[in-house]
Structures are given as structure tokens and as C-alpha cells.
Amino acid sequence: MLNRSQPPVITPLSIAPFPGIITKELSNGLQIHFLPWGIEPILEIKWIFNAGSAHDGQLPFADFTAKMLKEGTRSYSSDTLADFLDFYGAYLEVTSGMEIASVSLVTLEKHLEKVFPLLDEIIFNPTFPEPEFNLMKERVLQQMLVDEQKTPWHARRIFLSKILGGGHPYGKVAEKEDIRALNIEGIKEFHKNHYRAGNGFLVVSGHFDINKLMLLFESSFGSLKDNEPALISNAAKHRETFLPERIHHTLENKEQTSIRIGHPSIKRNHPDFMPLQLANLILGGYFGSRLMKNIREEKGYTYGIGSFVSGFLYAGYFGIATDVGKEYVENTLKETLYEMGRLIESGVEFEELETAKNYYLGQMTANRETPFQMGDHLVTALVNQLPLSSLDQEFEKIKYTNQSELMRLYSTYVKPDNLLIVTCGS
Amino acid sequence: MELTEDKTIQSEQNKTRIDCKQRILENGLKILVHESHQIPRVVVDIIYKVGARNEHPDKTGFAHLFEHLMFGGSVNIPEYDTPLQKAGGENNAFTTNDITNYYLSVPANQLETAFWLESDRMLELAFSPKSLDVQKSVVIEEFKQRYLNQPYGDAYLELRPLHYKTHPYRWSTIGKEIAHIEQATLEDVKDFFYSYYSPENATLVVSGDTTMEKVLELADKWFAPIPRRNVPKPIFPVEPEQTEARTKTVFRKVPLPAFYRSYAIPERTSRAYFALELFAEILSTGKNAWLYKKLVKELELAQKVSAFGWHSFDPGMFTIEAVIREGKDIYQFEAELDKIVYNSVAVKEEDLIRVKNKFEADSVYQRTTLLNKAMGLAISDALGDPEFVNKEMDIFNSITLDELISTAEKYLRPENSNTLYYLPEEHA
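Order-wise, the sequence lines are chains A and B. If you read the first sequence in the numbering used here, its first letter stands for residue 1, the second for the next number, and so on. If you read the second sequence in the numbering used here, its first letter stands for residue 1001, the second for the next number, and so on.
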């Protein structure tokens, strides 16, 4: 007779090692990291530049420069460029984050040679046409009118601007007047200084012939001369000035209140960063977390609550985010502080830790599936100056994190008496 | 072995195909297996052929509420999530108007944990009153978060009943109103379970680092003993043909006016649906999309605008939605929009080739994940043919320019349209 109350035995989890990375240099020293991965005939080329928002001065040039690269080049208008990409089913996207901007080309392997020249076009020959620039500014401003009605939007912006202390390069939020003040000259200047061969590197992941690719890269980019050094962001020297405080932003007639709480934490390449992710998982990082169990599953105050530790090259922060029925705000805060305190005082049960560890290790494997994900892991390691061996050691580190290690992590990195608390709602 | 059917779908050289093997157990449960050994991981997807369209008009939102209750413990297992997480797994689910889909992913050597958990909740739920109370509250917060607390969140709660007069698609999966969720009883829950959660009303898809033999061995152990419940085949009312344009205006606390338009179109598996998907792409996707180029960029009437078909099993909606720019007139926007939408003859052969190429590349990108492959098979099977997912690109490729234009002309007509003007309160 089948015993359905007896779970099947859990054997040690299957884990895959990170595949070998091949690093090559062009004749001018530009580094390219190749990561062969996957069976589908596709690949992604990412060109990473030290050109994120932490390289900005007062105005958000980094973000808009990234947005404007595809708006027209020496040989193509933005329309022709878009048609050309669509015709080959390729994607060329530019995104900017805190430290870096990333130009990504995704294509079927069979169309690589056709779309490859577009990299050179948008990175080194953009024209930044004035009408497209003005329309883009206008659209961003109009979108803000809609976003301003959303409680999570305000709560998140206030949280970001305060979490590392006012004025931190990682805590920039653009106001409408900042966007209005942007000009083409500033965009061109930012582009000239940041999108240079000597200010970045490349990652290629997916299905490809490495020799063929090296020939393409060498002929297009091998002769680019750049004697300037790579740039270091403003976050490198900035001192954090965090102060705990409670801030409420009123938006009328809202059914729910958005809550964001947190405090500064460690940077991405701190040796405790990965184990702290595990500790955070237990507090509020997955469906089985203490916060989800208490505030969603026991009390039903919210559709979801989550905590996170975000780490960058020079700083990091810890946060908790949720949207709750407006009548539940104080109880949610009370229960959240209670869960933080309980972990610091009593740590976690053995079973609870085993569950979280296995879940976490399982997730790490699951997140190493597509060439796009693999490329991202490699970029994260390189940008945060982590050794490539860390990509495999992360598994070991999580596996050997025990209960007493977690006690140390909670008492060192969770500070319920030192919180920024932001609420936005009626 | 309790196997009654053996049909192996032939594999082809084409790398974008999702190969699969198929069996049906004696209790009616269909099993599809796609083997892929890239990472040591397996996805299990169970689709139940029940969605919001199966609900009683006075008990709407129930299929979705029920999806939440499926995580509240089953007859032999008090809690679903923890044992799965302990096996290194994760899971989620979603409900549409047509189906409810549960999916999970586990390390390759923990597949049995997935079968143990999923078979017990197919066998019988715990039906705990506490779980019902909490999930009612969670779903009510979800209702508020997604539909009430954000600008334009309730637009489709208004557009659906304008579009559908008799078919149960006239309500959203979240339900018509919060009261329906508040009133749900444990009796309703049991009723729903025994009516729809039955092996012969489900398909189990396994994709990843495993084999057909392993899956069948586990299925025989865990799923084969579950009794068939003889789910009646539901008959849905057929929507009467629309003969004149319908409009509605609502006033809400929003900063900018918004525009929602739907046209009645055929079901997901029809050729017309595919032709309209191609036209929607030309209208709406990318920088050179007709709607963006004319209405956003050139005339500066809209902040954003898009067009898309709903993937519904029964005859569905082709919708266009837009946020109007500050100070611009929504009716002027509409007049300009009509000129574009009713001009499908302007589509050129090269537009069609471009869109087909793009769809082909997109389908390859999507198939880089086990979950997308499993879900593609599961939904195809619920539509009546597990091979459908592998035929879609051929259908797209077989649509000619003439067919695209004539289909757009046939369905995108003013008399076949429903328009919702969603205006800021100060315009009232």
C-alpha cells in the first residue's frame, strides 16, 4: 500500500558546475570573455561600459545616453535600424544601471554577420538627433504623470534616495526639472567620455564559432585606439551618511499603502554577501520565508512581502517591500520588526535552514539555464571584481553555512533599531 | 502498467521543435514528456482544463481563488511549499479564463518529490477553513493591488462586459466584484474540486533532465491510483454576432485619459487569429509600428499605444489600448486611430516577411527554457493537440498578404467594436 504521507527521500541535489570561460584579447588589448552554452542556435554579445548612473554629475545623462544610442547613427535613422533588426529577428538593447551600461545584441547564429556591424554603428557612431531626444524627454515626463499616481513608485523613490544617506551616487532619482534640464551637448559629452574601447569589456554567450567571432571583432574593433584609463564611478569615494527615520508620503484615495523599510548593508564582493543572501531568504526572500508566512499566509495583510539585499561595487543595502491594505500598516510594521528581532535572538531551526539551503541551491542551478542568464552571471562577477572561481565557490559557501554562522549574520547585518521606514498611501 | 495508449511523436532535425512522447493512463490522465539534458533540472507542469469561464455568474473569481487554495495542504500532506523547497524546488501557478496551470521546477534527482506532492493534491485537498479564510483575504488584497490601487487597473473589468453579453468571458479571472470572493464557502470549494480536479481533466507535462521510462514509473506509482471523476463536458454560451458599435465612458481619478477598444475575433486555433496576430505586430510592436509612428511620434496624440489579441480558447478579443497625451483630445485620437486600423491594405509583402522572421526568431529565444517548453506543450494539449505548439510557425508562414488583409477587413470593423473612454474625473 502506497504511503502518501511519507515524502520521498531527498538525495544530495544535482548541481552543474559553471562552464569553462575562454578569455581573449584583441590586438589593442580589448578583452572578450566567451561562454559557450546551450543547444539552440542563438547567441548574445554584451559590451559593458563603465557608464552607469553612478558616473553622473547632477543630471541623469547616463540613463538618457543609453536610451539615445539607438535613436539614429551615421548610416541609419532610428527607423531603418529598427526595421533592419526586425527583419533578422535580432534584438539590440541598451540598458544602464548603477555602475555600468550594457549594449546587448541577441541574434540567431545564422544572422550574426548581417547584424554584427550594428554594434559599431550604435556604440561609436550615434548622431543623437534633437527631435528624437525631445520626444524621448517628453515621453518620460508624461510617464511620470501616470507613475505619480502609484504608491509603490513614490515609496521606492524615497527609499532609494535615503537608503545610503542623501546624495549618494547609488541613490539618485531624477526629478522632472532634472529631465527638462538635459541637453544634447551633455549627452554627446557623456558618450564621448564613457563609450570607449578602454572603458569596458565584452561577454559572448551561447552557440558560436569562436574563431569566426574573433575575426569579426578584430576587423571591427581591433584597431580602436584608446589611451585613456577605465573610469571609476563617483560611488568609490562617497561616504555614506545614513540616518534612521520614518517618512510618510500622502496619496489620497488609495486602498493600499506601500511600505519600504531598510538600512545600508554590505557591497557585492564582501565575503559575507552570498551567505547573507541565504540569511535574507529565510527572513523574506521566498515563499516559505518568515515574513511571507506571518504577514501573507497567517494574517492575510498583503498579496506579497519580500526582503532583499542589493549589493553593488562600492555599497549595498537591505530592504523589505510590501503593499498592504491601508488598515494593516501598523500591524505589518510591528510584525516585521518582530520577525527581524526573533531571528537575531533565536536564529533558525535546523530543518528550516536545510529547506532554505536546498531551495537556494536549486534556484542557483535553475538560474543557469539560458545563454542570457549565463552571460549575466559572468558580467556580475566581472563588474564587481569577483574572481571567476567565485561562480562555482558560491555553491560550496551556501552548502556549508550552518546555524551558528546564520546567528552571526543576523546579529551583524540585521538592525531593527536602525531603520529607514517609508510609507506611501492615504 | 496501466497504459492504454502509446503514441510517440516523431522527432525532426529542426531544433526549434519541442519533441515529446505521450501516454494516457487508465484514469484518463495524459502525460507528455520532453527530454532535455542541458541542466540537471526538471520542470513539471500540470494543466487543469478549468478557468473563469467555468464559473457561475454569481460566484465569479472562484477558479482563481481555488488556485490559491491548492497551496493550502492536501489530504495526506499538510503543507505544499515546504517539502518542495526542501527538495530544492520552486513553483507557481496562474489562472486564465480557460485553464488553471500549476508548474514547478526541481533538481533532476528530486522528480519523485514533485510527483508525490502533485498527485496528493489531485487526489484530494485538505479543505481547511483556516486556509480558506486567509486565501480569501490574500485574494482580496490582490484584487486591490492589481485592479483598484493603480491607475487604469479596472479598465478590463469595464471593457469585458461591454464586449461580451452572454459568454462567461464577460468577467475577469479576479472576478466581477470583491463580494463574490468574500461569500465563498467551504462547500463551494469542495464542489469545485470534485467537479473539475480530476485526472481525465488534466495533462501532466514533464520537461528536462529525465526519461520517459522514469516518468512512467513514477506516474504509475503516484498518479495511476487516483480515481476518475467523470467531469461533464461544459457547454459555453455562444456570443451573438455583434451588429453595431458599443461605447462606454467612465470617470476615474487618473492623470491622463485612456482609450480601450476591442473587436470580436475568432478563437485561438483559427487561421483568422494567426492573421490578426501578424497584423497586431505590424500595428504595435517596435519603433516602426504603425500606431507608435503615427499617433505617438508624428501626431503626438498618445503617450503610448498598443494592439494585441487575447489568447482565448473561445472566440476572443482583439484590443487596442492607449494613454492619451496631456491636453490632447481622445476623440481626435480615435479618428486618427481608425484611419490606421481600417487601412490594412497598406500592409506590404516586406512587412509580412519581416514579422514572420521576427516571430520565428522569438520562438527560438523562448525555447531556451524548460518551463516555456513545458507550458507550450501543456497549453497546446488543453487546446486539443499537443503538437499545436510545433505547428504554429507553419501556420504563420502559410498566411499570405491577401489573407491578412481580408481577415483584418472582416473583423476590424466599427460595427464589430467596443470602445471604453476612460477619463479623468475633472472631465466629468
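Cβ coordinates follow ideal geometry from the N, Cα and C atoms, glycine included.
In the DSSP assignment, E1035 (chain B) falls within the unbroken beta strand (DSSP E) covering 1030-1035.
Its chain contains L141, M144 as the residues whose beta carbon lies nearer than 8 Å to that of K176 (chain A), once the 5 sequence neighbours on both sides are disregarded; these appear in chain order.
Taken through DSSP and simplified to helix, strand or coil, Y1331 (chain B) comes out as helix. Residue state for A321 (chain A) is assigned as strand, using DSSP reduced to three classes. Contact between Y1263 (chain B) and S1417 (chain B) holds: CB atoms are separated by about 5 Å, below the 8 Å threshold. Using a Cβ-Cβ cut-off of 8 Å, V146 (chain A) counts as an interface residue toward chain B, since at least one Cβ of chain B sits closer than that to its own.
Interface with chain B (8 Å Cβ-Cβ cutoff): L2 (chain A) is included.
When secondary structure is reduced to three states using DSSP, E335 (chain A) falls in the helix class. Burial state of E132 (chain A) is buried, judged by a 10 Å Cβ sphere holding 16 or more other Cβ atoms. Scanning the segment 1231-1313 of chain B from its first residue to its last, the whole beta strand (DSSP E) runs of 3-plus residues come out as 1246-1252, 1258-1265, 1302-1309. Not a single CB atom of chain A sits nearer than 8 Å to the CB of N1390 (chain B). Within the same chain, and ignoring the five residues on either side of V1254 (chain B) in sequence, the residues whose Cβ sits closer than 6 Å to its Cβ are P1151, P1424.
Between G1072 (chain B) and Q1135 (chain B) the beta-carbon gap is near 6 Å, inside 8 Å, which marks them as a contact. In the structure shown, G1208 (chain B) adopts extended strand secondary structure according to DSSP, grouped into three states.
Only exposed fits T1243 (chain B), as fewer than 16 other CB atoms lie within 10 angstroms of its CB. Leaving aside the five residues that flank A356 (chain A) on each side, the residues in its chain whose CB is nearer than 8 Å to its CB run, in chain order, L278, L281, I282, Y286, G288, V348. A1322 (chain B) is outside the set of residues whose beta carbon lies under 8 Å from a beta carbon in chain A.
Taken through DSSP and simplified to helix, strand or coil, W47 (chain A) comes out as strand. Taking a C-beta distance under 8 Å as the contact criterion, I1077 (chain B) and D1120 (chain B) qualify as a contact pair.
Put simply, the CB of V1231 (chain B) is far from chain A, with every gap to its CB atoms at 8 Å or more. With fewer than three CB-CB distances shorter than 8 Å, the segment 379-395 of chain A does not count as touching the segment 210-217 of chain A. The contact set of V106 (chain A) on chain B, defined by CB atoms closer than 8 Å, consists of Y1365 in chain order. Ranking A:G304, A:G319, A:I305 by CA distance to the CA of G311 (chain A) puts A:G319 first. When C-beta atoms of the segment 322-333 of chain A are compared with those of the segment 265-275 of chain A, fewer than three pairs fall below 8 Å, so the two segments do not count as touching. Exposure of A1179 (chain B) is indicated by the presence of fewer than 16 other C-beta atoms within 10 angstroms of its C-beta. Taking Y1156 (chain B) as the centre and dropping the five residues before and after it, the same chain places the C-beta of S1172 closer than 7 Å to its C-beta, in chain order.
Judged by DSSP in its simplified three-state form, D1120 (chain B) adopts helix.
DSSP places D1045 (chain B) inside the beta strand (DSSP E), whose first and last residues are 1041-1048.
Taking C-beta atoms as the reference points, A1275 (chain B) and F1308 (chain B) fail to come closer than 8 Å. About 40 Å separates the beta carbon of K254 (chain A) from that of G375 (chain A), a gap too long to meet the 8 Å contact definition. Annotation for E1326 (chain B): L1256 place their beta carbon closer than 7 Å to its own, counting only its chain and skipping 5 residues before and after. The beta-carbon of R1228 (chain B) is placed no less than 8 Å from the nearest beta-carbon of chain A. In this structure, L1104 (chain B) sits near V1044 (chain B), with a CB-CB distance shorter than 8 Å.
Straight-line measurement puts the Cα of S27 (chain A) at about 5 Å from the Cα of G222 (chain A). Think of a sphere of 7 Å around the beta carbon of A1307 (chain B): no beta carbon from chain A falls inside it, the nearest being about 16 Å out. The beta carbon of Q1085 (chain B) sits closer than 8 Å to some beta carbon of chain A.
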